[in-house]
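Heads up: the structure comes next, in C-alpha cells.
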Amino acid sequence: MDTNNTSRKEFLASLVTTGLVLAGCSSKKTPFETGADESVKPTGEKVKLLSVDGEVIEVDKAFLKPVPNLPAISNSEERKGIPGKKFVMVIDLSRCKNLRKCQAACNHMHHVHSNLNWLKIYPMDVGEKTAPYWQPTTCMHCDEPPCVKVCPVDATFKRQDGIVLIDSDRCIGCRFCMAACPYSIRVFNWEKPDTIPEELCGQPYSCETSVPQKKGTVGKCDFCPDMARKNELPHCVSACPNGTFFYGDYNEDSVTNGAETFRLSDLLKDKAGYQLMPELGTKPSVYYLPPAARNFPFEKGLENDKEKI
Amino acid sequence: MENSTSKVIDKNAIIAPLHGNGTKKKGALTDEEIISDLLPRKFGPLGMIWVGILLCFCAVGVFAYILQLKNGLIVTGMRDYASWGIYISNFVFFVAISLVGSLITAVLRLTGVHWATPLTRIAEIIAVSAITFAAIIIIVDMGRPERFYNLFLFGRLQSPIIWDVTVITTYFFISLLLLYIPLLPDMKILLATKEKTAFFKLYKFLGSFWKGTHLQFRISKKAINILCIAIVPVAFSIHTVTSWLFATTYRPGWDSTNFGPYFISGAFLVGSGAVTVAMYIFRKYYNLKNYITYDHFDKMGKIVVMLGLLYLYFNVNEYLIPAFKMKKPEEGFLDSLFVGDFAPLFWSAILGGMIIPIIVLLFKKGRHPFPMFICGIMIVVGAWFKRYLIVTPTLLHPFLPMHNVPESYKHYFPSWQEWAIACGSLAGALLIVTIFARIFPIIPIQETLIEQHEKANH
Numbered sequence: 105m106d107t108n109n110t111s112r113k114e115f116l117a118s119l120v121t122t123g124l125v126l127a128g129c130s131s132k133k134t135p136f137e138t139g140a141d142e143s144v145k146p147t148g149e150k151v152k153l154l155s156v157d158g159e160v161i162e163v164d165k166a167f168l169k170p171v172p173n174l175p176a177i178s179n180s181e182e183r184k185g186i187p188g189k190k191f192v193m194v195i196d197l198s199r200c201k202n203l204r205k206c207q208a209a210c211n212h213m214h215h216v217h218s219n220l221n222w223l224k225i226y227p228m229d230v231g232e233k234t235a236p237y238w239q240p241t242t243c244m245h246c247d248e249p250p251c252v253k254v255c256p257v258d259a260t261f262k263r264q265d266g267i268v269l270i271d272s273d274r275c276i277g278c279r280f281c282m283a284a285c286p287y288s289i290r291v292f293n294w295e296k297p298d299t300i301p302e303e304l305c306g307q308p309y310s311c312e313t314s315v316p317q318k319k320g321t322v323g324k325c326d327f328c329p330d331m332a333r334k335n336e337l338p339h340c341v342s343a344c345p346n347g348t349f350f351y352g353d354y355n356e357d358s359v360t361n362g363a364e365t366f367r368l369s370d371l372l373k374d375k376a377g378y379q380l381m382p383e384l385g386t387k388p389s390v391y392y393l394p395p396a397a398r399n400f401p402f403e404k405g406l407e408n409d410k411e412k413i
Numbered sequence: 006m007e008n009s010t011s012k013v014i015d016k017n018a019i020i021a022p023l024h025g026n027g028t029k030k031k032g033a034l035t036d037e038e039i040i041s042d043l044l045p046r047k048f049g050p051l052g053m054i055w056v057g058i059l060l061c062f063c064a065v066g067v068f069a070y071i072l073q074l075k076n077g078l079i080v081t082g083m084r085d086y087a088s089w090g091i092y093i094s095n096f097v098f099f100v101a102i103s104l105v106g107s108l109i110t111a112v113l114r115l116t117g118v119h120w121a122t123p124l125t126r127i128a129e130i131i132a133v134s135a136i137t138f139a140a141i142i143i144i145v146d147m148g149r150p151e152r153f154y155n156l157f158l159f160g161r162l163q164s165p166i167i168w169d170v171t172v173i174t175t176y177f178f179i180s181l182l183l184l185y186i187p188l189l190p191d192m193k194i195l196l197a198t199k200e201k202t203a204f205f206k207l208y209k210f211l212g213s214f215w216k217g218t219h220l221q222f223r224i225s226k227k228a229i230n231i232l233c234i235a236i237v238p239v240a241f242s243i244h245t246v247t248s249w250l251f252a253t254t255y256r257p258g259w260d261s262t263n264f265g266p267y268f269i270s271g272a273f274l275v276g277s278g279a280v281t282v283a284m285y286i287f288r289k290y291y292n293l294k295n296y297i298t299y300d301h302f303d304k305m306g307k308i309v310v311m312l313g314l315l316y317l318y319f320n321v322n323e324y325l326i327p328a329f330k331m332k333k334p335e336e337g338f339l340d341s342l343f344v345g346d347f348a349p350l351f352w353s354a355i356l357g358g359m360i361i362p363i364i365v366l367l368f369k370k371g372r373h374p375f376p377m378f379i380c381g382i383m384i385v386v387g388a389w390f391k392r393y394l395i396v397t398p399t400l401l402h403p404f405l406p407m408h409n410v411p412e413s414y415k416h417y418f419p420s421w422q423e424w425a426i427a428c429g430s431l432a433g434a435l436l437i438v439t440i441f442a443r444i445f446p447i448i449p450i451q452e453t454l455i456e457q458h459e460k461a462n463h
C-alpha cells in the first residue's frame with residue numbers, strides 16, 4: 105500500500121460516515137450501513153465529504169462521528185485479491201525444532217481462541233525405525249480447494265492471488281468445509297473467542313485480517329494478506345527465529361524468510377520440495393523441503409511439546 | 006369412540022362414484038362398520054400419557070436448544086475433529102426413515118401391489134414428519150442458524166448442501182401432497198359423520214371443496230399417479246445427496262463410491278422397520294385387527310428381509326473391501342470399528358439392526374405381529390446408531406495426527422444438550438404422527454371401502 109492511499113484512508117476514517125453508533129460487541133452494525141441515529145438533531149451546518157465511491161457529498165455536521173478501525177478495503181476487494189500475485193509458502197522441515205513461536209505469533213495477532221491453533225505443528229513419522237520430524241502446518245491454500253467446493257454460501261472463497269479466505273460475516277457454521285479439508289486445518293469457534301480485546305469486538309470483520317473471529321463460524325490460517333498488502337511478511341514467517349518459513353510470489357518466482365531470499369523454482373529443485381498429499385489433487389500452495397541435514401535433532405522439540413508422544 | 010349406530014351417514018354421497026351397493030357378504034364388513042372403525046378417535050388415558058411424555062421430551066429439547074443458542078455450540082460434545090455429531094447422524098436417520106413414504110406409496114403402487122393400501126397413510130405421515138424434523142435438526146446443527154437465509158441469498162450450486170436443501174424441500178412438498186390428496190375423500194366422510202367435532206372447521210377448510218364427483222376422482226387419481234412417479238427419483242435423490250455430504254470428501258470411511266446405494270438400501274430398511282412398528286401400535290391401540298392383518302405383517306416381513314439382505318450386502322462392500330486392503334489412512338478407522346472404541350456399538354448395530362431381524366423374519370412365525378414389532382424396533386434403533394457410526398468415527402481419524410489439542414477434542418461423546426435435542430426431535434416426529442392419527446383416519450377409509458366393494462363384487 106502506498107502512502108497516498110494510506111493518508112486518504114485515514115482522512116476517510118476520521119470523517120466519513122453517518123452518525124452510526126458502534127455499541128460494543130453486541131452491535132452488528134457496520135460503518136457502511138446507512139440510517140442515522142434518530143436521537144441526533146441536525147444542526148443545519150453542512151460539511152463536504154469524499155464518499156467511499158469518490159463522490160463529493162454533503163452531510164449535516166451533527167451526523168458525523170469518527171469511526172474507529174474502518175476496514176481498509178471493501179469486502180468485494182477482499183474477495184478479489186491482489187492483482188498479479190500468486191502467494192506461496194515454502195516450509196523447510198530441516199530447520200524446525202518445534203519452538204512454536206510461529207504459532208504463538210499467529211494466535212496472538214489473530215486473537216484465536218485459546219483452545220485453538222491455526223498453525224499446527226505435528227510430530228510426523230514417529231516410530232521405531234523412522235526418522236521423526238516436526239511439521240508446521242498452515243492452510244495449504246489449495247488451487248483446487250475442497251473446502252471452497254463444498255461451501256454452500258460462498259463464505260469461504262479462492263482469490264485470484266491464490267489465497268483461500270473466510271468471510272465470517274457470511275459463514276453459517278455448517279462445518280462442511282471442516283469435514284472436506286483433508287489437512288484438518290480448519291477450526292471452529294465453538295464459543296466467542298476468549299482472547300479478543302474489548303475494543304476489537306465492535307470492529308467490523310475483515311476477511312484479510314480475519315479479525316475479529318466470531319462465535320459459530322469457521323476460522324483458519326489466512327496467509328496474512330493484510331501483511332502482504334503492506335509488503336510485510338506473515339506473522340509466522342517473521343516470528344520463526346530459525347527461518348523455517350519462506351513466503352513469496354509464485355509469479356515472481358521468489359520466496360523469503362526475511363533474512364534469506366531464494367528463487368522458488370531453484371529452491372524446490374535443489375532441496376526436492378514436495379506438497380502434502382498431492383495425490384488428492386488439491387494442488388497446495390504450500391511446499392515442504394524434506395527434513396534432511398537437520399539443524400536440530402527431533403528430540404530437541406519435545407521440550408516445547410505439551411503433549412506426550 | 007363414537008357409536009356408529011347413532012350416526013346417519015350419507016352413504017350414497019360417499020361411495021357414489023363406485024356405484025357400489027354395499028351388500029354384505031359373509032364375513033365382510035359393512036360400510037358403516039368400516040367407517041366407524043376407522044374414524045379418528047379421542048385419546049384414551051394411555052394416549053394422554055403418551056402425548057404428555059412426548060411433549061415433555063420436546064420441551065426439554067427446546068430448553069436445551071435455547072441454551073445452545075445462548076452459549077453457542079460449545080454446549081455440545083463436538084469439537085474440531087468430531088465437528089459433526091449426533092445432530093448430523095440424527096439428520097441422516099430422519100432422511101433415511103422418510104424414504105419409506107416413497108417405497109410404500111409409490112413403488113408398491115406403481116408396481117401394482119395392492120395389499121399395501123392400508124399402510125400408505127402410515128408410511129406417508131412418517132415420511133412427512135421425519136423430513137420435517139430432518140430440516141429442523143440441520144438448522145440446530147448450524148453455528149449461525151440466524152443466517153439460514155444466506156443459503157438463498159448466496160447459495161452456490163456446486164455445494165452438496167444446496168442440492169440437499171433443494172431435494173429435501175421438493176420431497177417434503179410431494180410427500181405432503183401424497184398425504185393430502187388421498188385424504189380428500191376421507192375428509193368428506195369425516196364431514197358427513199362428525200358434525201360437531203373440534204376439527205370440523207379444519208376438515209371443512211382442508212376438504213370442503215371435495216364433492217366426490219367423477220371428475221374430481223379422475224383428477225385426483227391422475228395427480229396421485231404423477232406424484233408417485235415424481236417422488237421416486239426425488240426420494241432417491243434426497244438420500245443419495247445426503248450420502249454425498251460424506252462421499253464428496255476425502256476422508257477414510259466416507260471416500261466411497263458405494264455410498265449412494267448403501268444409504269438408500271439402509272433407508273428403505275429403517276423405514277420399513279418404522280412402518281412395522283407403527284402398524285403394530287396402531288393395530289393394537291386403535292383396534293384395527295380387521296384392517297392391518299397377519300397377512301400385512303407377513304408381507305411386510307418378507308419385504309424387510311429382502312431390504313435387510315440388500316443393506317447387508319452393501320455393508321459387506323463398505324467395510325470388508327477396505328479391510329481387505331487396510332490402506333494406512335483407513336486402518337485406524339476400521340480398527341476402531343472392528344475391535345476398538347466403537348466395536349461394541351458397531352457389532353450391536355450389525356447384529357441387532359440387520360442379521361438377527363433377518364434371521365427371525367425368515368420364519369413364518371417370526372412374521373407375526375409381535376415378533377415383527379420387536380424386529381422393527383431393533384432395526385430402527387440399530388439404524389440410529391449405525392448413522393452415528395457412519396458420521397463420527399471417520400471424523401476422529403483424520404489424515405494428520407490429532408496433536409496438541411485439548412483432550413476433549415480427541416473423543417466425542419454427546420453432551421446432555423445434544424441428547425435432549427436429539428430425543429426431543431425424535432419425540433417431535435412421533436408427536437406429529439400421533440396428532441395426525443388423532444385428527445385424520447390413519448387407514449384410508451375411502452380406499453378400504455373401494456377394496457371391500459371390489460372384493461364383494463368379485
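Sequence order for the protein chains is A and B.
Quick note on this note's numbering: the first sequence kicks off at 105 and runs consecutively.
Quick note on this note's numbering: the second sequence kicks off at 6 and runs consecutively.
Glycine residues also receive a C-beta, built at the ideal position from the N, C-alpha and C atoms.
Here the structure is a predicted model, which means the values were calculated and not measured.
By alpha-carbon distance to residue 162 of chain B, the top candidate from B:51, B:246, B:380, B:53 is B:246.
The beta carbon of residue 330 of chain A is closer than 8 Å to those of 176, 310, 312, 313 in its chain, skipping five residues each way along the sequence. Here residue 197 of chain A is buried, its C-beta having at least 16 other C-beta atoms within 10 Å. When Cβ-Cβ separations below 8 Å define contact, residue 84 of chain B makes contact with chain A.
Contact note: residue 388 of chain A does not reach chain B at a C-beta cutoff of 9 Å; the least C-beta distance is about 13 Å.
With a cutoff of 8 Å on beta-carbon distance, residue 238 of chain A and residue 405 of chain A are scored as near each other.
Beyond the five residues adjoining it in sequence on each side, residue 369 of chain A comes within less than 7 Å, by CB distance, of 357 in the same chain, given in chain order.
Within the region 312-330 of chain B, no residue has its Cβ closer than 9 Å to any Cβ of chain A. Annotated three-state conformation of residue 240 of chain A is strand, per DSSP.
Leaving aside the five residues that flank residue 324 of chain A on each side, the residues in its chain whose CB is nearer than 7 Å to its CB run, in chain order, 222, 243, 270, 289, 290, 291. Per the coordinates, the alpha-carbon of residue 70 of chain B lies some 12 Å from the alpha-carbon of residue 148 of chain B. Distance between residue 137 of chain B and residue 248 of chain B, taken at the CA atoms: about 18 Å. Between residue 282 of chain B and residue 385 of chain B, the beta carbon gap of about 6 Å places them in contact (Cβ cut-off 8 Å).
Listed along the chain, the chain A residues whose CB falls inside 8 Å of the CB of residue 167 of chain B are 256. Annotated three-state conformation of residue 223 of chain B is helix, per DSSP. Going by DSSP, residue 302 of chain A is part of the alpha helix (DSSP H) stretching over 302-305.
If you check each beta-carbon in the region 359-376 of chain A against every beta-carbon of chain B, none falls closer than 9 Å. Among the residues of chain A, those whose CB is under 9 Å from the CB of residue 254 of chain B are 250, 254, 280, 283, 284, 285, 286, following chain order. Neighbours of residue 409 of chain A in chain B, taken as residues whose beta carbon is under 9 Å from its own, are 408, 409 in chain order. Contact between residue 165 of chain B and residue 160 of chain A does not hold, since their C-beta atoms are separated by about 48 Å, which reaches or exceeds 8 Å. Annotation: residue 155 of chain A to residue 345 of chain A spans about 44 Å, alpha carbon to alpha carbon. Between residue 53 of chain B and chain A, the shortest Cβ-Cβ separation is not below 8 Å.
Within chain B, no C-beta atom comes nearer than 8 Å to that of residue 210 of chain A; the closest sits roughly 14 Å away. In this chain, the beta strand (DSSP E) harbouring residue 227 of chain A covers 224-228. For residue 193 of chain A, the enclosing beta strand (DSSP E) starts and ends at 191-196. Residue range 421-444 is occupied by the alpha helix (DSSP H) that includes residue 443 of chain B, with no beta strand (DSSP E) assigned at that position.
Here residue 168 of chain B is buried. Its C-beta has 16 or more other C-beta atoms within 10 Å. Neighbours of residue 155 of chain B in chain A, taken as residues at a C-beta separation under 7 Å, are given in chain order as 257, 274, 276. Comparing C-alpha distances from residue 309 of chain B to each of B:368, B:141, B:418 shows the shortest one belongs to B:368. Neighbours of residue 77 of chain B across chain A, judged by C-beta separation under 8 Å: 293, 294, 295, 296, 319, 320. As for any alpha helix (DSSP H) of minimum length 4 sitting wholly inside the region 108-188 of chain B, the runs are 125-146, 155-158, 165-185, ordered along the chain. Taking 8 Å as the CB threshold, residue 225 of chain B stays off the interface with chain A.
With contact defined as three or more Cβ pairs closer than 8 Å, the region 300-320 of chain B and the region 410-419 of chain B are not in contact. The C-beta of residue 53 of chain B has fewer than 16 other C-beta atoms within 10 Å across all chains shown, which makes the residue exposed. Secondary structure at residue 368 of chain B: coil, using DSSP grouped into helix, strand and coil. Taking C-beta atoms as the reference points, residue 110 of chain B and residue 128 of chain B count as a pair closer than 8 Å.
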